[in-house]
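Residue numbers (this note's numbering): 5 to 200. The beta-carbon is built from N, C-alpha and C at its ideal position, and this holds for glycine as well.
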């Protein structure tokens, strides 16, 4: 489940996530729920509301490396995103984050971002090639070779990240069910349950 950033709402859209999670849980207890949330402008209350709704996986994308955050995500922040993921992890949630490459970052900066995500215990990371949606967006700086994506899988795994999915076409939801199943046992519903 995902939504665009709703900075126009007092709760940043948290109530929409909560209401949807609760509606799904009312209908079925076996559907696994992954939420891809915005940063809620750094406000703690909206994040706590989403956590109280008990999604199976809390996903918040880092998007890019620390150096490029201001250019790529002008209203967000690298540290703020890490803090949100760390809070969810401390609360016992399976956590997930994603990076998009090809916007001017170096391979070493991606390795550093992976280390930062591993340091806070993020369980799943996705890495994919940036594809410029319009001419109003940042131009593509490079096309990353498939072998580099493979090296990031290896590096992330060696850092202790439970599952790293990386390829040119990988996106946050890419093979989400397989990624969750690859983590093994958890305190969430059975891994063979229907996945949303």
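For residue j and residue i, the rounded distance between their alpha carbons
i	j	result
residue 20	residue 163	35 Å
residue 125	residue 183	16 Å
residue 72	residue 31	42 Å
residue 147	residue 116	20 Å
residue 47	residue 90	14 Å
residue 143	residue 122	29 Å
residue 80	residue 110	21 Å
residue 27	residue 145	42 Å
residue 114	residue 107	11 Å
residue 102	residue 171	12 Å
residue 155	residue 14	41 Å
residue 77	residue 160	23 Å
residue 70	residue 86	11 Å
residue 83	residue 99	16 Å
residue 34	residue 175	25 Å
residue 8	residue 158	31 Å
residue 29	residue 16	22 Å
residue 181	residue 112	29 Å
residue 92	residue 138	33 Å
Cβ-based neighbour list, residue i, same chain, cut-off 7 Å, excluding 5 preceding and 5 following
i	result
residue 18	44, 50, 53, 54
residue 6	40
residue 104	67, 68, 132, 134
residue 88	43, 51, 64
Residue environment, residue i, which counts as buried when at least 16 other CB atoms sit within 10 Å
i	result
residue 59	buried
residue 65	buried
residue 11	exposed
residue 273	Only positions 5 to 200 of the chain appear in this structure, which leaves residue 273 out of reach.
residue 141	exposed
residue 42	buried
residue 168	buried
residue 57	buried
residue 75	exposed
First through last residue of the beta strand (DSSP E) which encompasses residue i
i	result
residue 100	98-105
residue 170	167-170
residue 40	38-40
Span of the alpha helix (DSSP H), counted from its first residue to its last, around residue i
i	result
residue 63	That residue, residue 63, is in no alpha helix (DSSP H); its beta strand (DSSP E) goes 61-63.
residue 133	Element bounds for residue 133: not the alpha helix (DSSP H) but the beta strand (DSSP E), 128-133.
residue 82	82-94
residue 139	From DSSP, residue 139 is part of no alpha helix (DSSP H); its letter is neither H nor E.
residue 10	It is not in any alpha helix (DSSP H) - residue 10 carries neither H nor E in the DSSP assignment.
residue 145	Element bounds for residue 145: n/a, residue is neither H nor E.
residue 58	Note, residue 58: premise wrong, no alpha helix (DSSP H); not H, not E.
Close-in-space but distant-in-sequence residues of the same chain around residue i (CB under 8 Å, 5 per side omitted)
i	result
residue 95	55
residue 1	Any answer about residue 1 is impossible in this case: the structure gives the chain only from 5 up to 200.
residue 213	Because residue 213 is not part of the residues shown, which for the chain are 5 to 200, the question remains open.
residue 150	171, 172
residue 22	53, 54, 56, 57
Chain-order list of residues whose beta-carbon lies under 6 Å from that of residue i (same chain, five-residue window excluded)
i	result
residue 97	62
residue 192	Since pLDDT at residue 192 reaches only 43, below the 50 mark, its modelled position is unreliable, and no value is offered.
residue 153	170, 171
beta-carbon residue i near the ligand PLP non-hydrogen atom, thresh 7 Å
i	result
residue 92	In the structure on display, the ligand PLP does not appear, and there are no ligands present to speak of.
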